[in-house]
Amino acid sequence: MKSRWYELKPDALKLRKQGISLRNIEQKLGIPRSTLSGWLQEVILTKRQRERLHLRWERALTKARSKAVRWHNAQKAKRLQDAENQALITLRKVDVLKKEILELTLALLYFGEGAKKNTETALGSSDPLILKFFLALIQNIYHIEVEKIRCELYIRADQIPKEIKQFWARELKLPLNCFKQVNIDKRTLGSKTYANYNGVCHIRCGNVAIQRKLLSLSKFFCEKVVNQYTGA
126 MKSRWYELKP
136 DALKLRKQGI
146 SLRNIEQKLG
156 IPRSTLSGWL
166 QEVILTKRQR
176 ERLHLRWERA
186 LTKARSKAVR
196 WHNAQKAKRL
206 QDAENQALIT
216 LRKVDVLKKE
226 ILELTLALLY
236 FGEGAKKNTE
246 TALGSSDPLI
256 LKFFLALIQN
266 IYHIEVEKIR
276 CELYIRADQI
286 PKEIKQFWAR
296 ELKLPLNCFK
306 QVNIDKRTLG
316 SKTYANYNGV
326 CHIRCGNVAI
336 QRKLLSLSKF
346 FCEKVVNQYT
356 GA
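Residue numbers (this note's numbering): 126 to 357.
As structure tokens, this is what we get:
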């Protein structure tokens with residue numbers, strides 16, 4: 126029994142002998158790929174035709190991959206935008222000027238990132254925003270004077286101490302004399318530091334009473350939340 130596309134077989138054979146791909150023949154004549162495969166399997170393409178088809182396939186694959194990357198990037202950007210929108214909705218419900226909320230937030234940050242072994246209030250990070258936040262609340266809630274703040278830097282071997290000091294002084298809006306000590310990691314000798322890395326800055330204010338209050342506040346808050354939601 127002849128298929129309903131049988132009358133198009135001569136056209137399909139002609140196109141294939143011209144070096145046209147099965148996909149293009151399928152699109153042009155509307156014949157299913159499975160039918161074309163059977164009809165055209167005995168057509169021998171020249172070396173040049175095979176090379177041309179392979180080159181077209183590689184170009185199509187590159188184009189498809191590029192399109193997929195753009196699609197995934199667009200989807201990622203959309204998810205990030207959605208996350209930011211949801212975060213802003215939550216933030217609008219929070220009174221960020223209320224001292225108790227700010228102090229609790231600082232306590233939770235300190236609970237995760239702050240110094241706990243030494244008898245001082247200190248926190249280190251490579252992220253300027255985290256240190257700006259810490260510094261702003263330490264100064265405004267506990268009225269720590271600039272003269273009592275000391276910054277210690279940990280940098281890589283290929284970094285210039287003077288430049289790193291100036292970077293952190295500018296970012297944190299602190300005078301250069303707050304940066305008393307620079308520690309160079311000799312293990313990094315011979316390796317290049319990646320762009321935009323400015324080492325780790327530790328901010329120390331020396332007041333152990335603040336550390337104790339922040340750790341107690343964060344501990345009690347976490348326990349209260351756990352008890353509230355677990356019924357313990």
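Idealized CB from N, CA, C, for every residue including glycine.
Alpha-carbon spacing of residue i relative to residue j, whole angstroms
| i | j | result |
| --- | --- | --- |
| R281 | K298 | 23 angstroms |
| I255 | H197 | 30 angstroms |
| Q174 | Q206 | 48 angstroms |
| G356 | I335 | 31 angstroms |
| R337 | E238 | 14 angstroms |
| A208 | Q143 | 53 angstroms |
| D220 | L227 | 9 angstroms |
| E176 | E288 | 56 angstroms |
| L222 | E245 | 26 angstroms |
| K188 | K134 | 31 angstroms |
| E225 | N265 | 12 angstroms |
| S146 | H179 | 10 angstroms |
| K242 | I309 | 22 angstroms |
Exposed unless 16 or more other CB atoms sit within 10 angstroms - verdict on residue i
| i | result |
| --- | --- |
| K311 | exposed |
| K290 | buried |
| S343 | buried |
| R217 | exposed |
| W164 | buried |
| A118 | For residue 118 there is no data in the structure shown, the boundaries of the chain being 126 and 357. |
| G249 | buried |
| I263 | buried |
| L260 | buried |
| I169 | exposed |
| I269 | buried |
| A284 | A small fix is needed here, since residue 284 is Gln in this sequence, not Ala. It is buried - the Cβ of Q284 has at least 16 other Cβ atoms within 10 Å. |
Beta-carbon spacing of residue i, residue j below 8 angstroms
| i | j | result |
| --- | --- | --- |
| H327 | A232 | no |
| L340 | Y267 | no |
| R158 | E151 | yes |
| K153 | L161 | no |
| K273 | C330 | yes |
| I156 | W130 | yes |
| N332 | F292 | no |
Below-8 angstroms beta-carbon distance, residue i vs any chain C residue
| i | result |
| --- | --- |
| K192 | This model lacks chain C altogether, as it is built from one protein chain only. |
* Determine, using beta-carbon pairs with one atom in the stretch 312-319 and one in the stretch 264-283, whether at least three such pairs fall under 8 angstroms. => yes
* **Three or more C-beta pairs below 8 angstroms linking the stretch 299-309 and the stretch 219-233** => no
* Ignoring anything shorter than 4 residues or poking outside the stretch 128-189, list the alpha helix (DSSP H) runs there in chain order. => 134-142, 147-154, 158-165
* At what residue ranges does the stretch 303-332 contain a whole run of the beta strand (DSSP E), taking only runs of 3 or more? -> Taken in chain order, the complete beta strand (DSSP E) segments of 3 or more residues contained in the stretch 303-332 are 304-310, 325-329.
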